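> Below is a structure I'd like to ask you about.
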Amino acid sequence: MRILFWVPYPSEGASNRYRIEQYLPYLKKTWAHVLHPFWSSNAYKILYQKGCLLKKTLYFALGSLKRILDILFLFRYDIVIIHREAYPIGGPIFEALLHFFNKTFIFDFDDAIFLPTCSRANNFIEKFKRPDKVSSIISKSSYVIAGNSYLADFASRYSRDVCVIPTSIDTSKYKACVKDKKSDIVIGWVGSLTTIDFLAPLSSVFMRLSQKYPHIKFKIIGGNFSIHGLTNIVSKQWSACEEISDLQTFDIGIMPMLDNKWTNGKCGFKAILYMSCGIPSVCSAVGVNKEIISDGENGFLATTSDDWVNKLSFLIEDRELREKIALRARETVEEKFSVAVNAQKFIKVIQDVSKGKVKCAESAG
């Protein structure tokens, strides 16, 4: 059997890197597959930058051509698996073509993409996006994989065949490391240009903690963030080859988010990432974070500014607490959020769909 994967981004895009690409080695034993991102690596480098309209247009045309060629050679594939969407604008054009040609396809999504949203760098494209198409894609799919229960509840309105597979981590690569005893404490955040704005509401928290603990530092990976008057914030760009080593410099990880419909669709991957590396974390008590983290056991949940200051203070002051939380956090990931565990669920979905057994949500979920 041969599988075609339609994903939006190259490997630099965290979403399909963790939702799709890390499962591919498990498929090689049974199925041939090809991975076709819409945006190329060169396109992704400028996609979330302001301007570059001409280059973005050319890359968009190239991505469109690749999708058209896939349709022309659709006969080569037994199953198509779509992560998020086949095409970034307009209605479900390519999904409808798959349905028209009676091609079996599985749909996977990990954000509330059925809600209107657009990056600040690409506001011009907002009027061409059609978030309402997600319900149509789901209804045409043979099976739907959702990243959390909130998304699965939405998908269940349009399909009987839905399961939850959380965004997972390769625990053989992402490991805890022994922390040196040192005076400096590094509070870290890892993300992208699309989520860097979530840090702004913590500005007062950063200020209060810096006044209280002169020895702490803040390390921001994946975007530029600064606060006037603070010199203990270091920002750097995300790098695939440095990601794990950067994470292992963190003593504490943070995941702030607003509480709204969009963030309730988030899959809590920052928390899982920190936890896999044995990093105690403080995360907003929003959406799936409340399912991943048991407050005070494998991490901390925060709502108010005082919560953030108090719970980060607990971890800054108590090395033994950091170590205890880190150990439980790692155990949680190994039990529920590891690739080794969830790859079997992913493969089970493909097997059941390929055999025409679509009522497999209970066994796959």
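Numbering (my numbering), first residue to last: 23 to 387.
Even glycine gets a Cβ: it sits at the ideal position worked out from N, Cα and C.
Predicted, not measured: the structure shown is a model, and the values here were computed from it.
1) Does the beta-carbon of C263 have 16 or more other beta-carbons within 10 angstroms, so that it is buried, or is it exposed?
2) Assign T52 to one of three DSSP states: helix, strand, or coil.
3) Near Y111, which residues of its chain fall below 8 Å by C-beta distance, leaving aside the five closest residues on each side in sequence?
4) Please determine, among L84, S86, R341, A168, the residue with the shortest C-alpha to C-alpha distance to V200.
5) Run the proximity test for V308: is its beta-carbon closer than 6 Å to any non-hydrogen atom belonging to the ligand NAP?
6) How many whole angstroms separate the CB atoms of I347 and N311, which I take to be in contact at a CB cut-off of 8 Å?
7) Taking the alpha carbon of P302 as the point to measure from, which residue in N332, S261, R344, N282 has its own alpha carbon closest?
8) Please report the straight-line C-alpha distance between V371 and S194, rounded to a whole angstrom.
9) For F129, which beta-bridge partners are listed by DSSP?
10) Note down the Cα distance separating D317 from E34, rounded to an integer number of angstroms.
11) Determine the direct distance from the alpha carbon of Y40 to that of G244, and round the result to whole angstroms.
12) According to DSSP, what are the bridge partners of L57?
13) In the DSSP output, which residue or residues are listed as bridge partners for C305?
14) Give a yes or no on contact between the stretch 163-174 and the stretch 327-340, applying the rule of three or more CB pairs nearer than 8 Å.
15) How would you call V56, buried or exposed, if buried means at least 16 neighbouring beta carbons within 10 angstroms?
16) Whose C-alpha, out of E313, L215, P223, is nearest the C-alpha of P278?
17) Tell me where the beta strand (DSSP E) around F220 begins and ends.
18) In this structure, what does DSSP give as the bridge partners for I209?
19) Using the three-state DSSP reduction, which class does V200 fall into: helix, strand or coil?
20) Please report how far the alpha carbon of A177 lies from the alpha carbon of S205, in whole angstroms.
Well, looking at it:
1) Exposed, because fewer than 16 other Cβ atoms sit within 10 Å of the Cβ of C263.
2) T52 carries a coil assignment under DSSP once its states are collapsed to helix, strand and coil.
3) The displayed chain sequence assigns Ile, not Tyr, to residue 111. Within the same chain, I111 has close Cβ partners I147, F150, K151, R152.
4) Closest by alpha carbon: R341.
5) The ligand NAP is absent from the structure shown, which contains no ligand whatsoever.
6) 15 Å between Cβ atoms; not a contact.
7) R344
8) 24 Å
9) I104, V166
10) 32 Å
11) Distance from the CA atom of G244 to the CA atom of Y40, rounded to whole angstroms, is 17 Å.
12) Bridge pairing for L57: F27 [DSSP].
13) M277, L323
14) no
15) exposed
16) Measuring from the Cα of P278, the nearest candidate turns out to be P223.
17) It is not in any beta strand (DSSP E) - F220 carries neither H nor E in the DSSP assignment.
18) F240, I274
19) Coil, per DSSP.
20) 49 Å
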